[in-house]
Amino acid sequence: AAVVLSVLFREANAARGFAASLRAMGSVRGPRPAPMSPGVEWECHPTLKPDWEPVHTADGKKYWWNTITDETTWEEPLMNQRVLVKTPQANPNVTPASKRWSPGTQSFLNWRADDPRRSPLNRQQQAERVSQAELDEFLRIAQTDHHQIPNVKAKFARFEANTREERAIRDRANARLRRIACAEQYRRLCEGIALCITCACFGQPPPPSEDPDHTFHADVKSDCKASNAITIEQLNKYQRAREAQSRSPNNAPSLSSAAVDSLHHDPR
């Protein structure tokens, strides 16, 4: 036993001497570096999600109500974890965590989300996948968006040109219709004048005013008496009209063919 104790005593003295030599070397080389950082300490505490409040029913059952979305649930909407990070002491020998981080690293910035099957609100907010055709159409519209205003101006100018052309065509058609109406009125007036002259020459009464083929204004009758304008064509038409009237119940006198032939040689 004495031998064992003496051996242990010598080993302890050697260890103390070695530690003293190390301290002496440290005093010569300078202060010892700071200890390695223990890293980030995580403290997880389940907490209630924001905007949720506990509510009790009339029979005492407890449920939770969302003050924003007006949603209710029987399960307590707890956050998975709430991380409290203790900032370590600065250590120049340790690489900053921001440079060691990678997209697959778990940190307090990408905490695990809730199960979407238990959260209807998250299920409603799920994004719909867009097909490649819809994406290409969106990009095409975005690229040509700055050309929309010139296109609208060109369409408006083309519409104005078409409108002016249509207006010109419509004006020409209306003018042609007015000329046709005036020519028809002039023709009917000439026929009425010819009838009045013929009746005055042969001492026959003028045709009835209710006849639509020979209706003309009253002030034209006086002018017809002094007018000598008459044509063979108008006389033939008048003869046919008077012969048709002779066969009607109102048997009016008509011009004979001999009278018409004599009028062909009338110097007037």
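Mind the numbering: the sequence shown is residues 507 to 774 in my numbering, read in order.
Every residue, glycine too, gets a C-beta built ideally from N, C-alpha and C.
ask   = residue 699: buried (16+ other C-beta within 10 angstroms of its C-beta) or exposed?
value = The residue given as residue 699 occupies position 193 in the sequence shown. Buried, by the Cβ-count rule.
task = Confirm, please, whether the CB-CB distance from residue 568 to residue 556 is below 9 angstroms.
result = Within the sequence shown, numbered from 1, the residue matching residue 556 stands at position 50. Within the sequence shown, numbered from 1, the residue matching residue 568 stands at position 62. Result no, Cβ atoms of residue 556 and residue 568 do not sit closer than 9 angstroms.
request  = Identify the continuous beta strand (DSSP E) that holds residue 560 and give its terminal residues.
outcome  = Position 54 of the sequence shown, counted from the first residue, corresponds to residue 560. Residues 558-562.
Cα-Cα separation, residue 575 to residue 554 = On the sequence shown, residue 575 is found 69 positions in, with the first residue counted as 1. On the sequence shown, residue 554 is found 48 positions in, with the first residue counted as 1. C-alpha separation (whole angstroms): 16 angstroms.
query = Is it right to say residue 520 is buried, meaning 16 or more other beta carbons lie within 10 angstroms of its own, or is it exposed?
reply = For the purposes of this step, residue 520 is taken as residue 14 along the sequence shown, with counting starting at 1. The residue in question, residue 520, is exposed, as its Cβ has fewer than 16 Cβ neighbours within 10 Å.
key: Rounded straight-line distance, which links the Cα of residue 680 to that of residue 707   = In the sequence shown, residue 707 corresponds to position 201, counting from 1. In the sequence shown, residue 680 corresponds to position 174, counting from 1. One C-alpha to the other measures close to 41 angstroms.
ask   = Considering residue 568, what are the terminal residues of the beta strand (DSSP E) in which it resides?
value = Your numbering for residue 568 matches position 62 in the sequence shown. Note, residue 568: beta strand (DSSP E), 568-572.
message = Measuring only the C-alpha atoms, how far is residue 692 from residue 709?
response = Translated into the one-based positions of the sequence shown, residue 692 becomes position 186. Translated into the one-based positions of the sequence shown, residue 709 becomes position 203. So the alpha carbons of these two residues sit roughly 25 angstroms apart.
ask   = Looking at C-alpha atoms only, which residue of 683, 746, 668 and 558 is the closest neighbour of residue 701?
value = Position 195 of the sequence shown holds residue 701. Selected option, being the one with the closest Cα: 746.
task = Determine, using beta carbons only, whether residue 580 and residue 571 come nearer to each other than 9 angstroms.
result = Residue mapping note: residue 580 aligns to position 74 of the sequence shown, counting from 1. Residue mapping note: residue 571 aligns to position 65 of the sequence shown, counting from 1. It is not a contact, given that the beta carbons lie outside the stated cut-off.
task = Enumerate in chain order the residues of its own chain whose CB-to-CB distance from residue 672 is below 8 angstroms, with the five nearest sequence positions on each side excluded.
result = Here residue 672 refers to the residue found at position 166 when the sequence shown is read from its first residue. Once the five neighbours on either side are set aside, residue 672 has no close Cβ partner at all.
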